[in-house]
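J.: One structure follows; several queries about it will come next.
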Amino acid sequence: MQKITPFLWFDNQAEEAIDFYLKVFKTGRVLNINRQSGKVFTGTFELFGQQYHFINGGPMFRFSEAISLMVVCEDQKEIDSYWSGLLEGGGTEQMCGWLKDRYGLSWQIVPANLSALLFSDDRGKAERAGAALMKMRKIDIATLEDA
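Reminder that position 41 of the sequence shown reads as 45 in the numbering used here, one-by-one numbering, no gaps.
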């Protein structure tokens, strides 16, 4: 059992969103769904071994960029796959590897070596990588590494 579990509040589209995330990441599973009056109310799903709870709580709260889910990717192919998958159906690109999916949840799709590039002991290289990152929406690993 996880000590801390993210809890995601949806208006009324939680089940649709969970199916979407399972399709994008091609891993994971629904652990449980609790229904009230025959409609999905709460539940738990898992992606890459991380559990998430969810609720169809109504329209009074919305996701914001104040919290995001960061996906650390091993290569450009993985970045490209998650980026296009999460944008499918109405997501919006944002700067520096961030995007919002069609449900309004913010994601960061980043390469595993991002911190090493941005905080390199070679300050010139780190500054060039940072400047290159600031011009990107989807991250291009080769461009960062070449900076």
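The beta-carbon is built from N, C-alpha and C at its ideal position, and this holds for glycine as well.
Grouping DSSP H, G and I as helix and E and B as strand, with all else coil, what is G47?
T.: In the structure shown, G47 sits in a strand (DSSP, three-state: E or B).
J.: Y56 lies in the beta strand (DSSP E); which residues open and close that run?
T.: Where Y56 is concerned, the enclosing beta strand (DSSP E) stretches over Q54 to N60.
J.: What is the DSSP secondary structure of T31, counted as helix, strand or coil?
T.: Looking at T31 - three-state DSSP - the assignment turns out to be coil, as it is neither helix nor strand.
J.: Is G101 near I143, with beta carbons less than 8 Å apart?
T.: A contact, by the Cβ cut-off of 8 Å.
J.: State the start and end residues of the unbroken alpha helix (DSSP H) segment that holds I83.
T.: Its alpha helix (DSSP H) spans residues Q80 to L91.
J.: Whole angstroms are fine: how far does the CA of G134 sit from the CA of A151?
T.: Answer to the nearest angstrom: the Cα atoms are 9 Å apart.
J.: DSSP on E69, reduced to helix/strand/coil?
T.: Of the three classes helix, strand and coil, the one that applies to E69 here is coil, per DSSP.
J.: Looking at C-alpha atoms only, which residue of E78, L35, W111 and G53 is the closest neighbour of T46?
T.: Closest by alpha carbon: L35.
J.: Enumerated in chain order, which unbroken segments of the beta strand (DSSP E) with a length of 3 residues or greater are wholly contained in the region 105-130?
T.: Counting only runs of 3 or more, we get 110-115.
J.: With DSSP run on the structure shown, which of helix, strand or coil describes R141?
T.: Of the three classes helix, strand and coil, the one that applies to R141 here is coil, per DSSP.
J.: What does DSSP give as the partner residues of T96 in its beta bridges?
T.: Partner(s): K104.
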